[in-house]
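Trainee: Residue numbers (our numbering): 172 to 666. Let me give you the structure first, and then I'll get to my questions.
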Amino acid sequence: MKRVFAFLLVAVMVATLLAGCGGDAKNNNGANNQNNATDTNDNQTNDSASTDGEVVTLKWIAVGSGMPSNYDAWRKNINAYLEDKIGVHIDTEIVSWGDWDNRRNVIVNSGEYFDILFTDMGRYLSEVQLGAYMDITELVQEKASDLYEYIPEDYWEAVKVDGKIYSVPTYKDSSMTQYIVWDKEMADKYDIDIHQYNTLDSLTEPLKKIKEGEGISPFVIDQNGVGAIFTMYDNMGSELEPLGVRIDDESRTVVNVLEQEDIMDELKTLHTWFKEGIINPDAPTLGEPPSYRTTFIAQGWPSAAKTTWGPSMGVEAEAVKYAGPVLSNGTVRGSLNAIYSGAKNPEKAVEFLQIVNLDSYVRDAFYYGLEGDNFQYTDDGKVEKLNEDWTMAGYTQGTFFTVTPIAGEIDQWAEVKELNEQAVGSVLLGFDLDPTNIQNELTNCRAVWNKYRSELLTGARNPEELVETITKELKAAGFDKIMEEAQNQIDAAFK
């Protein structure tokens, strides 16, 4: 895989990671990919308990399905191990999906103390520019050298900002593929051959059939809507979805993504679904979707239907590819953990991130929960899950390649590797928009977009009318200046 990434990136000398994630599948473990990584419990060359006997407590804040019900017992168990290994206790705060954006804003903008914060491509660049995170370029090589060597160089390059490392990337899938996920039993009940339907428009008739037969909205979404429609556009790290370049456009022309024909067609389909009740009427205000949904779109790979999406809903699921795979800076930055710029114990923080990535005992504890309560080991050293109660999101924590596989589970690593090799690399691979000259305009345009995003991407409003309104307000906020600056920077970078 590393050879593939290196080949793609050598021309631009920058880089390009379970998700899925996110935008994306919001399930406890992401789209669960595992390989036959060696258990490294006894092979931590950089793990050493505090020499002065002092135990450091680190605060780690991340997103998931809220705090686990057995958190206190779990924390007692893992902290005993961490104390012995590296002289650390961990205090985690798992913020629910619906509250994450607001909580993250408060943390970053107020200067609230944390040691480690989960972040991603959505706000990573702006948070670095705000000064929220520490430059760990040298620290990670000195205090977590095993981790630095384990994660491919391309990943480290992908998270650099102005040549400096501000986060630890999660070593998992680097390309992004979106899937239409079905409850197989429901599809079979209505004689729906799901493999015939791989576009939104083609889904209309089978979803109508389910709605009429079951009296439900078969495509339930939350206020984030269907962001997967933007998969084929690279927003250059601008954190502004209406700005982009189509990933296969060799001319690298900056466009208003909302006005593109392919996007408008998808938006019209969503609006039709909303009007006809295929999409739930409370979608624009729904904080997070229910655990069960008849049909939805999520990032992952084919067998995630059997290992993650289906089990999380309590049904047998199947998946059909909707978009991708694509490769960009943003797909690599789908899961990152950054250290606070004012952290009191940054050395211990990077040591902790190393052990949570490389020690299978620790990795399993964060991924599966409390042994004997949430899972147990089988005689052959695999994992048997006892329930689906664990609420931490596995994709936010560390590599999936040191997670102990579930007994009898499909080896998903081959699938992930194949998708990465098939991925279409963005024509802007390695390019990040420099916001220096357009910071105010970006801030104002993001505010405009955030005001309308939910209504547009859930289908609640007529897209032709709403896009016209959004575009008018974006222009008033400086969108044309942003487009011009972005085009000039791209032209200079790829001349």
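Each residue gets a CB set at the ideal place from its N, CA and C atoms; glycine is no exception.
#1: Where do the ends of the alpha helix (DSSP H) carrying Asn508 lie?
#2: Less than 8 Å between the beta carbons of Leu604 and Pro340, yes or no?
#3: Please go through the segment 327-372 and give each complete alpha helix (DSSP H) segment of 4 or more residues, from N-terminal end onward.
#4: Quick one: complete alpha helix (DSSP H) runs, 4+ long, within the segment 417-503?
#5: Please classify Glu489: is it buried, with 16 or more other beta-carbons within 10 angstroms of its beta-carbon, or exposed?
#6: Does the beta-carbon distance from Thr567 to Val266 come in below 8 Å?
#7: Can you tell me the Cβ-Cβ gap for Ile261 and Phe546, rounded? I've got them flagged as a contact below 8 Å.
#8: Compare the Cα-Cα distances from Asp393 to each of Asp419, Gly408, Lys439 and Ser462 and report the closest residue.
#9: Could you check which residue in Thr549, Leu288, Thr573 and Val352 has the C-alpha nearest to that of Ile468?
#10: Strictly by DSSP, which residues pair up with Lys230?
#11: Cβ atoms of Ile257 and Ile526: under 8 Å apart, would you say?
#12: Checking the sheet assignment: what are the DSSP bridge partners for Lys556?
#13: Under three-state DSSP, which class holds Asp405?
#14: Going by beta carbon distance, what residues of the same chain come within less than 7 Å of Glu656, once the five residues before and after it are set aside?
#15: For Thr640, which beta-bridge partners are listed by DSSP?
#16: Over what stretch of residues does the alpha helix (DSSP H) that includes Thr661 continue unbroken?
#17: For Thr290, write down the residues that DSSP places opposite it in a beta bridge.
#18: Go ahead and pull the three-state DSSP assignment for Ser316.
#19: Can you find the residues in the same chain that come closer than 6 Å, C-beta to C-beta, to Lys335, ignoring five residues on each side of it along the sequence?
#20: Since I believe Thr570 is in contact with Tyr342 (beta carbons under 8 Å), could you give me their beta-carbon distance rounded to a whole number of angstroms?
#21: Since Leu229 and Val259 should fall inside the 8 Å C-beta cutoff, what is the C-beta to C-beta distance between them, to a whole number of angstroms?
#22: Which of the three DSSP states is assigned to Phe390 in this structure?
#23: Compare the Cα-Cα distances from Ile434 to each of Pro460, Lys247, Asp420 and Tyr404 and report the closest residue.
#24: How would you call Lys519, buried or exposed, if buried means at least 16 neighbouring beta carbons within 10 angstroms?
#25: For my contact list, Lys382 and Tyr361 are in at a C-beta cut-off of 8 Å; report their separation, rounded to the angstrom.
#26: Using the three-state DSSP reduction, which class does Leu414 fall into: helix, strand or coil?
#27: Exposed or buried, what is Leu301 when buried is set at 16 or more other beta-carbons lying within 10 Å of its beta-carbon?
#28: So, helix, strand or coil for Gly384, using DSSP?
#29: For Tyr493, count neighbouring Cβ atoms within 10 angstroms of its own Cβ and tell me buried if that reaches 16, exposed if not.
#30: I'd like to know whether the C-beta of Ser388 is nearer than 8 Å to at least one C-beta of chain B.
#31: Give me the Cα-Cα distance between Met484 and Arg464, rounded to the nearest whole angstrom.
#32: What three-state label does DSSP hand Tyr284 in the structure shown?
#33: Could you give the first and the last residue of the continuous alpha helix (DSSP H) run that contains Tyr539?
#34: Is it buried or exposed, Ser236, if we count other Cβ atoms within 10 angstroms and call 16 or more buried?
#35: Helix, strand or coil: how does DSSP classify Ile577 here?
#36: What is the residue span of the alpha helix (DSSP H) that Thr570 lies within?
Mentor: A quick look at the data gives this:
#1: For the purposes of this step, residue 508 is taken as the residue at position 337 of the sequence shown. Unbroken run through Asn508 is the beta strand (DSSP E), Leu507 to Ile510; no alpha helix (DSSP H).
#2: Start at 1 with the first residue of the sequence shown, and residue 604 comes out as number 433. Start at 1 with the first residue of the sequence shown, and residue 340 comes out as number 169. No, the Cβ-Cβ distance between Leu604 and Pro340 is not below 8 Å.
#3: Counting whole runs of 4 or more residues, the segment 327-372 contains the alpha helix (DSSP H) stretches 355-360.
#4: Taking only runs of at least 4 residues, the alpha helix (DSSP H) segments lying wholly in the segment 417-503 are 432-446, 481-484 and 500-503.
#5: Within the sequence shown, the letter at position 318 stands for residue 489. Counting C-beta atoms within 10 angstroms of its own C-beta, Glu489 has 16 or more neighbours from the protein chains shown and is therefore classed as buried.
#6: Translated into positions along the sequence shown, residue 567 becomes position 396. Translated into positions along the sequence shown, residue 266 becomes position 95. Going by C-beta atoms, Thr567 is not nearer than 8 Å to Val266.
#7: Here the question's residue 261 lines up with position 90 in the sequence shown. Here the question's residue 546 lines up with position 375 in the sequence shown. Incorrect: roughly 19 Å between the Cβ atoms, too far for contact.
#8: Taking the sequence shown and counting its residues from 1, the one referred to as residue 393 is at position 222. The shortest Cα separation from Asp393 among Asp419, Gly408, Lys439 and Ser462 belongs to Ser462.
#9: Residue 468 sits at position 297 when you count from the first residue of the sequence shown. Out of Thr549, Leu288, Thr573 and Val352, Val352 has the C-alpha closest to the C-alpha of Ile468.
#10: Walking along the sequence shown from the start, residue 230 turns up at place 59. According to DSSP, which records beta bridges pairwise, Lys230 is partnered with Asp262.
#11: In the sequence shown, residue 526 corresponds to position 355, counting from 1. In the sequence shown, residue 257 corresponds to position 86, counting from 1. Their beta carbons are under 8 Å apart, which means Ile526 touches Ile257 by this criterion.
#12: Position 385 of the sequence shown, counted from the first residue, corresponds to residue 556. In DSSP, Lys556 forms a bridge with Phe546.
#13: As a first step, residue 405 must be located in the sequence shown, where it is residue number 234. Residue state, collapsed to three classes: strand.
#14: By one-based count along the sequence shown, residue 656 stands at place 485. Hits under 7 Å: Asn608 and Ile609.
#15: To locate residue 640, count along the sequence shown from 1; it is residue 469. According to DSSP, which records beta bridges pairwise, Thr640 is partnered with nothing at all.
#16: Taking the sequence shown and counting its residues from 1, the one referred to as residue 661 is at position 490. The residue asked about is misnamed: residue 661 is Ile in this sequence, not Thr. Phe650 to Ala664 is the span of the alpha helix (DSSP H), which, as asked, contains Ile661.
#17: Numbered from its first residue, the sequence shown carries residue 290 at position 119. Thr290 pairs with Leu507.
#18: Working through the sequence shown from its first residue, we reach residue 316 at position 145. In the three-state DSSP reduction, Ser316 falls in the helix class (H, G or I).
#19: What you label residue 335 is simply residue 164 of the sequence shown in a count that begins at 1. Same-chain partners within the cutoff: Asp306 and Thr308.
#20: In the sequence shown, residue 342 corresponds to position 171, counting from 1. In the sequence shown, residue 570 corresponds to position 399, counting from 1. With 8 Å as the limit, Tyr342 and Thr570 qualify as a contact, their Cβ atoms being about 4 Å apart.
#21: Within the sequence shown, the letter at position 58 stands for residue 229. Within the sequence shown, the letter at position 88 stands for residue 259. With 8 Å as the limit, Leu229 and Val259 qualify as a contact, their Cβ atoms being about 6 Å apart.
#22: The residue given as residue 390 occupies position 219 in the sequence shown. Reduced to three states, the DSSP call for Phe390 is strand.
#23: Here residue 434 is taken as the residue at index 263 of the sequence shown, counted from 1. When only C-alpha atoms are compared, the closest one is Tyr404.
#24: Start at 1 with the first residue of the sequence shown, and residue 519 comes out as number 348. Counting of Cβ neighbours within 10 angstroms places Lys519 among the buried residues, the total reaching 16 or more.
#25: Position 211 of the sequence shown, counted from the start, is the residue given in the question as residue 382. Position 190 of the sequence shown, counted from the start, is the residue given in the question as residue 361. Wrong, their Cβ atoms sit about 10 Å apart, outside the cutoff.
#26: As a working note, residue 414 is residue 243 in the sequence shown. Strand at Leu414.
#27: As a working mapping, residue 301 is identified with position 130 in the sequence shown. Around the CB of Leu301, fewer than 16 other CB atoms lie within 10 Å, so the residue is classed as exposed.
#28: As a working mapping, residue 384 is identified with position 213 in the sequence shown. Look at Gly384 here: in three-state DSSP terms it is helix.
#29: Your numbering for residue 493 matches position 322 in the sequence shown. Classification of Tyr493: buried, given that the 10 Å Cβ count is 16 or more.
#30: No chain B appears in this structure, which consists of one protein chain only.
#31: Taking the sequence shown and counting its residues from 1, the one referred to as residue 484 is at position 313. Taking the sequence shown and counting its residues from 1, the one referred to as residue 464 is at position 293. Near 7 Å, if we compare the C-alpha coordinates of Arg464 and Met484.
#32: Along the sequence shown, read from residue 1 onward, the residue named residue 284 stands at position 113. Looking at Tyr284 - three-state DSSP - the assignment turns out to be coil, as it is neither helix nor strand.
#33: Locating residue 539 in the sequence shown gives position 368, where the first residue counts as 1. Run containing Tyr539: Ser531 to Tyr539, per the alpha helix (DSSP H) assignment.
#34: Position 65 of the sequence shown, counted from the first residue, corresponds to residue 236. Buried.
#35: Here residue 577 refers to the residue found at position 406 of the sequence shown. For Ile577, the three-state secondary structure derived from DSSP is strand.
#36: Position 399 of the sequence shown, counted from the first residue, corresponds to residue 570. Here Thr570 belongs to no alpha helix (DSSP H), and DSSP marks it neither H nor E.
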